[in-house]
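In my numbering, the protein residues as written are 2 to 217.
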């Protein structure tokens, strides 16, 4: 039951972006489109889960003095593999994400979970934590990108990352005359982030109040 709760906490209650405020830089930068959010989210899930598993496996033989450099080497290797695969099979996605794929190496979420969880728990629990936190990050970037793309373009456009000419979903919600171009800019990213973070904070406060009421 604790494992299920830990996994669920990563989605909303302990969401790495809206609750722990980690990885905000890449979140604000890549949420201009849903395609970018999906690509970045999947990459973070893979790297976070695999790095947690590997670090958990070697945690008992890794000296404390060099644990951070070891973590960085493991994460950098995984990120390099992911980047090479994206370059080979989804060049358009690689071009749109740009430098933010390599920057996963120093993403606070990856290093934070390696230090605070994977280095102290078993392989299965670490894998579950990585998946939960990765899904929480993906949920955060997807929610921001949907809001920003809809308000700035008036619709939703999702293409095949392996073939950008193939449109998966092209949905127009309202005329272009009513779009708010501000949400396609960095200012719109900050506004969207602030509103969603406030909503998650209010939800957490509501949950805490319910728990206190039960204790009484």
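We put the beta carbon where it would ideally sit given N, CA and C, even for glycine. Keep in mind it's a predicted model, so treat the numbers as computed, not measured.
Anticipated Cβ contact below 8 Å, residue i with residue j, distance rounded
| i | j | result |
| --- | --- | --- |
| residue 156 | residue 173 | 4 Å |
| residue 76 | residue 97 | Wrong, their Cβ atoms sit about 22 Å apart, outside the cutoff. |
| residue 139 | residue 45 | 7 Å |
| residue 90 | residue 163 | 6 Å |
| residue 145 | residue 50 | Wrong, their Cβ atoms sit about 22 Å apart, outside the cutoff. |
Closer than 8 Å to chain B by CB, residue i
| i | result |
| --- | --- |
| residue 134 | Among the chains of the structure shown, chain B does not appear; only one protein chain is present. |
Simplified DSSP state of residue i, which is helix, strand or coil
| i | result |
| --- | --- |
| residue 63 | coil |
| residue 161 | strand |
| residue 169 | strand |
| residue 13 | coil |
| residue 155 | coil |
| residue 19 | coil |
| residue 176 | coil |
| residue 7 | helix |
| residue 137 | helix |
| residue 32 | coil |
| residue 120 | coil |
| residue 102 | coil |
| residue 181 | coil |
Cβ shell of residue i (< 8 Å), same chain only, five flanking positions each side left out
| i | result |
| --- | --- |
| residue 208 | 14 |
| residue 87 | 40, 44, 94, 95, 98 and 102 |
| residue 105 | 27, 44, 45, 48, 76, 80, 83 and 111 |
| residue 143 | 35, 38, 39 and 42 |
Cβ neighbours of residue i in the same chain (closer than 7 Å, five flanking residues each side left out)
| i | result |
| --- | --- |
| residue 78 | none |
Of the listed residues the options, nearest to residue i (C-alpha basis)
| i | options | result |
| --- | --- | --- |
| residue 20 | 171, 206, 116 and 43 | 206 |
| residue 1 | 187, 203 and 210 | Here the chain comprises residues numbered 2 to 217, so residue 1 is not present and cannot be evaluated. |
| residue 151 | 35, 56 and 63 | 35 |
| residue 134 | 112, 161, 176 and 204 | 112 |
| residue 110 | 175, 202 and 136 | 136 |
| residue 176 | 69, 154 and 204 | 154 |
| residue 132 | 120, 142, 143 and 114 | 114 |
| residue 23 | 182, 56, 198 and 203 | 198 |
| residue 130 | 116, 142 and 143 | 116 |
| residue 68 | 120, 37 and 92 | 120 |
| residue 92 | 165, 123 and 191 | 165 |
| residue 127 | 195, 201 and 55 | 55 |
N- and C-terminal bounds of the alpha helix (DSSP H) containing residue i
| i | result |
| --- | --- |
| residue 205 | 187-216 |
| residue 74 | 68-90 |
| residue 40 | 35-58 |
| residue 110 | 109-114 |
Contacts around residue i, its chain only, beta-carbon distance under 6 Å, and the 5 residues preceding and following it disregarded
| i | result |
| --- | --- |
| residue 168 | 160 |
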